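Have a look at the structure below before the remarks.
Residue numbers (the working numbering): 15 to 1265.
Spelled out as structure tokens, the structure:
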């Protein structure tokens, strides 16, 4: 990176230190550049102003800055360096012997960038060279020095830290310095390809994020240093332009002091390490920051770096000088872990961890992994592991270790956790003895076998993190991770178990868990850690699960039960799916794990979560993205076995696996440490994908049988089938169509014809079937085409816009081809079957009304139309939409005579009034319609107005008022309001008030579940009434109070609010409705009193307008007078404290001052000082906290937002020293924000340790 820029040098040149120390900087650069120096003399410091040349050098040249042979150097740090350069040149030319000058290069150096408006630097140098006074002439200015320093980062870093003070003197390094140290921990030295192996796509994402300036990028690996090595390797292997851009800006930050010193410096990229990781959130405010974590610290927002396959890592080792075979062997031996590799292949310079000198006290912590001191059971387990009586004996030595520069443990709040359990296990595993293992086995069994009781519905809620009577999730996960380390990394850690293998030791613990094979509740209690358990002991886990899945699976079915959660339902089967997905990566375990998933899918009742067993199976066997290391042939064999063994899920699974043109998939859970699969992964070529797809289609064809629905599914997907599979399907289809029943034949034929039409309509698309294939499909369609024109036409009326081949839609009328085809179909049907055929068609299609609409093009005679109506009504209410459409057509064309036909039909068929009214609701919204409806009699008329939807009335005011009263008189005031709201100006105030009163029971019946439009209609009515002079404020306020729940999103003050801040008594009435008198006994309240109290409380909560407020200004006299009046009333009602609190609640919504911009307004400040009430100030403070509302935070942000709120509040307090109580109150509020900030910091730090 560029530690020092030309601008930095220019600024430094103005200091006294530059005059004396600049020669030393140049000398350091020469020493870092020249390979062979014979003579060098550059006096600096207090010797920098001696007589003679400023510097003398004889060295082997190193272009472009160090001349070859002898050279003299002159320096100029003051302004006007060009003039000094000319002066020095002339003076030294005059002083030096000509013969000596011919063998000497003259060099002038200045920290200032050349800035001479009359002469350019190259011209000055060229002019001096042309005088031939010296062997050569050079001028090095600030811009050139910046480049020279960037080529000598060690010099640049030292001068930036200690002389120019641009960087902290300690705790910050360039990425080259870190890579030099990190890579040389290994023998031979690590190359960039190793930490990047198998992570190429993640490296691309990192580079993209850094280049785009993403504020925070979080990654996790076996150790935090591995994350930094990965990031640096990605930068060093990037394209030159990207590399130079990022290298020039990226810093390793090691200490908190350095992080704080760098905060505020923009244009940098930060990689915090060690202690500085705690300030990642602070650094991220000023530049992209890479947050590193060990695998044990990973949480959901960390990207877990892929653990490379042995083959990929082995190939990377080739760049270190190994053969590919040697590299593969090394990769397997180190468990594909750099932390393990550092121990197996250390260099002579590799540092031994400082904490190794205190290894023994770390063993209990290593075995536990993590724990919470707030959990008493956790403390007991730690005492068991440490074989001591007091927990303090466990923690005391750890507190010292936590303060080391590179501590093995982290302590945040009440949580202790290993910083990198992999690194610790590799270094300490050999210390774990038989007694440790006995204690560990007992502890693991106790923790894992605990099944927490199901909380009762009336039990007070307590977050799991606050419960002290159960083991923490920290400990459960820590112990489970240690099981996995023992099973997988025992060779790398020299961990042994006397008399058996580490894997069998782990298997024994898992097999010994009581209830694992017969109690689903144990699986539910371990769901967050089941994937770790399964990876640690695959065979015992599968054995237990297979026993639970025997028979009718009754023992495990309840695991799918959904329980009421805070935001979303809770269920306990997801962890089980993750565990089986993890094991499915192992080709040797694929069949067993997939069969378990299949049996689970067969008993899965479904639910609101998308994580279902059948979806896990789909992800595992998906042809273009399989989530298993098994090869295609094995995947196909296992899938075929599942289809045969668990037929209940065969078809649903196969349909999910059918090829699709656009498809998505999510990755399944992956092993954390184990490497499943052979030395080489199968390349996912097109051939492999097509082979897998063909196998799925083959199985699906076998499962389709003669089921029309299944064949419709296959037909809909056939365009994506491989060519051979499509041929097989069409051949099978020809056979099936010849054998099935006529009804099934039609359904399959219709699906095939629809698909063919779709492809013919969109023949120019990429997905359309090729003409030769479509011709073969057409042959099948023609061969099995039904004779009945009705059956041939159904497809036209099953979709809103069915594709009509051969006719192109236009932008002006996209429905024209569809309408024309439908009309022609109806014409043919009527010609062959009469209107009876129209009704039969309507019975068969999904959009029966479209049949009636299409029939309008025939302009049927009245008698035929009346017959069509009779047949449709006679067919039942399923065709009421058809009947209503026919009625509308008949009345439009034939008027009253057709109305008589309708009346005769409903009378003849004894249609009940409510259904008759429903048939008439499709008529226009006008007086003519209403007269026709009325002619059907009072019962029909009543039913019509009771059930019809509201529509805009386009007629005159009389028609509008008739419709409003017709709704209102049938007990539908909200329908009347909805009709009126479109033309409120034409409705009298007393009518609107009456409608509001009438609608209250309807609103109450909704229990507050009003749709958005209803709330909008009501608000429009109240706004209109608020503008009218004939509506007194009290009348409007009374109704606003009744409708208060409807105004939850209203921004404008209500009339009621204005009255409350004008009339102290009204405010006090609301207080008394909610709060009892201070000295009154508690009593039972009636249901009406409860409803009144709830409404009054909502009213007080919604009040944000201050007495005397107009816009952002407040009249102090009015406000203070109102406060006094309310408090006097509160004394009479014995409610002083609660009233003061509610006054404070109201004052919290005051505007800021218009004079000094500070909050609150001066009127409120005077009120606070005058009233002098602690309760008022507490109420105000509480509401200020609550007014923050919902907020969001970035990853690991901590308490920065709260600190900003505290800073702002303190600034307000400082601005009003003349108001001591107000200032003190604001300081208390600021202290509250700071307390929240500290709490948020701890939470963020604890979450950074989470998986």
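Heads up, the beta-carbon is just placed ideally off N, CA and C, and yes, glycines get one too.
This one's a predicted model, so the numbers in the text were calculated from it and none came from an experiment.
Item checked: Alpha-carbon to alpha-carbon, residue 191 and residue 59 -> Distance from the CA atom of residue 59 to the CA atom of residue 191, rounded to whole angstroms, is 28 Å.
Next item on the list: Write down the C-beta distance between residue 562 and residue 531 rounded to the nearest angstrom, noting that I regard them as a contact closer than 8 Å.
Entry: The pair is a contact, with the Cβ atoms about 6 Å apart (cut-off 8 Å).
Next item on the list: Name, in chain order, the residues that DSSP records as bridge partners for residue 432.
Entry: In DSSP, residue 432 forms a bridge with 423.
Item checked: Nearest-angstrom Cα separation, counted from residue 886 out to residue 778 -> Straight-line Cα distance between these residues: approximately 42 Å.
Margin query: Based on DSSP bridge pairs, tell me the residues matched to residue 230.
Written below: Bridge partners of residue 230: 303.
Item checked: Cβ contact check for the segment 662–671 and the segment 630–639: 3 or more pairs under 8 Å -> Contact annotation: the segment 662–671 touches the segment 630–639, with at least three C-beta pairs closer than 8 Å.
Notebook entry, point to check: To the nearest angstrom, how far is it from the Cα of residue 529 to the Cα of residue 536?
Noted result: Rounded to the nearest angstrom, the two C-alpha atoms are 6 Å apart.
Check: For the segment 67–84 against the segment 116–123, are there 3 or more C-beta pairs whose distance is under 8 Å?
Finding: Enough Cβ pairs lie closer than 8 Å, so yes.
Margin query: Looking at the strands, I want to know which residues DSSP matches up with residue 1182.
Written below: According to DSSP, residue 1182 bridges with nothing at all.
Next item on the list: Look up residue 318 in the DSSP assignment and give the residues it is bridged to.
Entry: 234, per the DSSP bridge assignment.
Margin query: With distance defined between alpha-carbon atoms, name the residue in 1198, 1158, 1061 and 798 nearest to residue 1189.
Written below: The shortest Cα separation from residue 1189 among 1198, 1158, 1061 and 798 belongs to 1158.
Next item on the list: Provide the residue span of the beta strand (DSSP E) that contains residue 72, from first to last.
Entry: Start and end: 69–73.
Margin query: Between which residues of its own chain and residue 884 is the CB-CB distance below 8 Å, once the five residues before and five after are set aside?
Written below: In its chain, beyond the 5 residues on either side, 919, 922 and 923 have a beta carbon closer than 8 Å to the beta carbon of residue 884.
Notebook entry, point to check: Exposed or buried, residue 1126, counting other C-beta atoms within 10 Å across all chains shown (16 or more means buried)?
Noted result: Exposed, by the Cβ-count rule.
Notebook entry, point to check: Going by other Cβ atoms of all chains shown within 10 Å of its Cβ, with 16 needed for buried, is residue 1042 buried or exposed?
Noted result: It is exposed - the Cβ of residue 1042 has fewer than 16 other Cβ atoms within 10 Å.
Check: When the Cα atoms are used, what is the spatial distance from residue 971 to residue 811?
Finding: Rounded to the nearest angstrom, the two C-alpha atoms are 41 Å apart.
Margin query: Going by beta-carbon coordinates alone, are residue 237 and residue 335 separated by less than 7 Å?
Written below: No, they are not a contact pair.
Notebook entry, point to check: When the Cα atoms are used, what is the spatial distance from residue 595 to residue 993?
Noted result: Computed Cα separation, rounded: 57 Å.
Next item on the list: Determine the extent of the beta strand (DSSP E) in which residue 83 is found, giving its start and end residues.
Entry: Per DSSP, residue 83 belongs to the beta strand (DSSP E) from 83–89.
Notebook entry, point to check: Counting Cβ pairs, one atom from each stretch, are 3 or more of them under 8 Å apart for the segment 1216–1225 and the segment 1238–1254?
Noted result: Contact between the segment 1216–1225 and the segment 1238–1254 is present, with at least three C-beta pairs closer than 8 Å.
Next item on the list: Check whether the segment 174–191 touches the segment 135–144, taking contact to mean three or more Cβ pairs, one atom from each stretch, closer than 8 Å.
Entry: As far as the Cβ criterion goes, the segment 174–191 does not touch the segment 135–144, which means the pair count is below three.
Margin query: Which residue wins for smallest C-alpha separation from residue 52, given the options 72, 43, 37 and 605?
Written below: Nearest of 72, 43, 37 and 605 to residue 52, Cα basis: 72.
Notebook entry, point to check: Between residue 382 and residue 493, which are expected to be in contact by the criterion C-beta below 8 Å, what is the C-beta distance as a whole number of angstroms?
Noted result: In this structure residue 382 touches residue 493 by the C-beta definition: roughly 7 Å separates them, less than 8 Å.
Note to self: Taking 8 Å as the limit between beta carbons, can you name the residues of its chain near residue 413, skipping five residues before and five after?
What the structure shows: Sequence-distant partners of residue 413 (beyond 5 residues in either direction) whose C-beta falls short of 8 Å from its own C-beta, in its chain, are 425.
Note to self: Quick check: the Cα distance between residue 171 and residue 265, rounded to an integer number of angstroms?
What the structure shows: Their backbone Cα atoms lie some 11 Å apart in a straight line.
Checklist line | Residue from 1019, 1014 and 973 with nearest C-alpha to residue 1000 | finding: Measuring from the Cα of residue 1000, the nearest candidate turns out to be 973.
Check: In whole angstroms, what separates the C-alpha of residue 1120 from that of residue 828?
Finding: Going by the C-alpha atoms only, they are around 58 Å apart.
Notebook entry, point to check: If you count every other CB in all the chains shown that lies within 10 Å of the CB of residue 755, and 16 or more means buried, which is it?
Noted result: Classification for residue 755: exposed.
Next item on the list: May I have the straight-line CA-CA distance separating residue 893 from residue 757, to the nearest angstrom?
Entry: If I take the Cα positions, the gap works out to 22 Å.
Next item on the list: Could you tell me which of 1231, 1214 and 1238 sits nearest to residue 1248, measuring between CA atoms?
Entry: The candidate whose alpha carbon is nearest that of residue 1248 is 1214.
Note to self: Here's a check: name, in chain order, each residue in its chain whose Cβ is nearer than 6 Å to the Cβ of residue 957, leaving out the five neighbours to either side.
What the structure shows: These residues qualify, in order along the chain: 927, 928 and 931.
Item checked: Cut-off 6 Å between Cβ atoms - residues of its own chain near residue 6, not counting five sequence neighbours on either side -> Nothing can be reported for residue 6, as the shown portion of the chain is limited to 15 through 1265.
Next item on the list: Verify whether the separation of the beta carbon atoms of residue 551 and residue 521 is less than 7 Å.
Entry: At a Cβ-Cβ threshold of 7 Å, residue 551 and residue 521 count as neighbours.
Next item on the list: Verify whether the separation of the beta carbon atoms of residue 359 and residue 200 is less than 7 Å.
Entry: In contact: residue 359 and residue 200 (Cβ atoms closer than 7 Å).
Margin query: Beta-carbon within less than 8 Å of residue 1099's beta-carbon, same chain only, minus the 5 sequence neighbours each way: which residues are those?
Written below: Excluding five sequence positions before and after residue 1099, the CB atoms of its chain that fall closer than 8 Å to its own CB belong to 1107, given in chain order.
Next item on the list: Just tell me which of 1031, 1028, 735 and 949 has its CA closest to the CA of residue 781.
Entry: Checking every option, the nearest Cα to that of residue 781 belongs to 735.
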